[in-house]
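In the working numbering, the protein residues as written are 3 to 303.
Backbone N, C-alpha and C fix where the C-beta goes; we use that ideal spot for every residue, glycine too.
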């Protein structure tokens, strides 16, 4: 039987540096950009100081995420070896040892903590909450139905809140709700797409606990919560100047994008949310239109 320390044969050996880079999952680093959401929504991206502080926070959270990926791959290596795609991950394939991956993860965590500690107590506290929640997820809560969804969504909310604390901006309640419901919408859509693929049941056993009908209910609730929360934030600008009123109008492409993505999920897509916007023309146009309206409304007023 293959255990954690028994590497699979690999067709071509790769360098340790390249294996560590794959372990770091650079394709996921864009999630750290969530820290820019709060300063962007506050119209603060015109301030070089705010942009710099948000960038520092993003880099810190990126290192924390790298640590989580390393610990996750160590923990999941036995299951990953039975998965047709994940068996190529560095630890599962034997490209790097669990010991090296652990040392790399600890180093990344320490670097991330050191970086966010320069941004004040509030941001440091949010970063530690993020790291703790994600470690608990990796260590076993990922197998607890419902809790796994909440923890993944919480990761997005904490990063978004950290963007506000790092730049010293007030945090809007509507902003936090949009972040929470929006994250739940994306995470639930991802789980539904994974649920349709039998192979994922091997590496993510919790999927078996989710009936499709329940996932549909949560998807609907989170979509509604995202739309209402965004609408409450956007419609407060009605009656202001023409530029600010574009923020209210931006609800239309925003809602269109939500509905279009929900349609894609219902057809079995959505396992890689970050890629779907570039694959679907309607979703891409809705996203660009929404971003343009948001930018004009926030920065041309």
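In three-state terms, what does DSSP make of residue 83?
coil
Within a Cβ cutoff of 8 Å, which residues of the same chain sit near residue 82, ignoring the five residues on either side of it in sequence?
75, 88, 89, 91, 93, 94, 205
What's the C-alpha gap between residue 219 and residue 186?
12 Å
Less than 8 Å between CB atoms is the rule here; does residue 231 satisfy it with respect to chain D?
Chain labels in this structure do not include chain D; a single protein chain is all it has.
If I'm right that residue 129 touches residue 66 with Cβ under 8 Å, what's the distance once you round it to whole angstroms?
6 Å
Three-state secondary structure (DSSP) at residue 249?
helix
Would you report the Cα separation of residue 171 and residue 58, rounded to the nearest angstrom?
15 Å
Can you name the start and end residues of the alpha helix (DSSP H) that residue 90 belongs to?
Careful: residue 90 lies outside any alpha helix (DSSP H) and carries neither H nor E.
Can you confirm whether the region 31 to 39 touches the region 50 to 64 when touching is taken to mean that 3 or more C-beta pairs between the two stretches lie within less than 8 Å?
yes
Residue of 261, 176, 137, 26 minimising C-alpha distance to residue 102:
26
Would you kindly report the start and end of the unbroken alpha helix (DSSP H) that includes residue 193?
175 to 197
DSSP three-state call for residue 27: helix, strand or coil?
coil
Alpha-carbon spacing of residue 158 relative to residue 181, whole angstroms
7 Å
Can you tell me the Cα-Cα spacing of residue 106 and residue 120, whole angstroms?
22 Å
Taking the beta carbon of residue 145 as the centre, do at least 16 other beta carbons fall within 10 Å, making it buried, or is it exposed?
exposed
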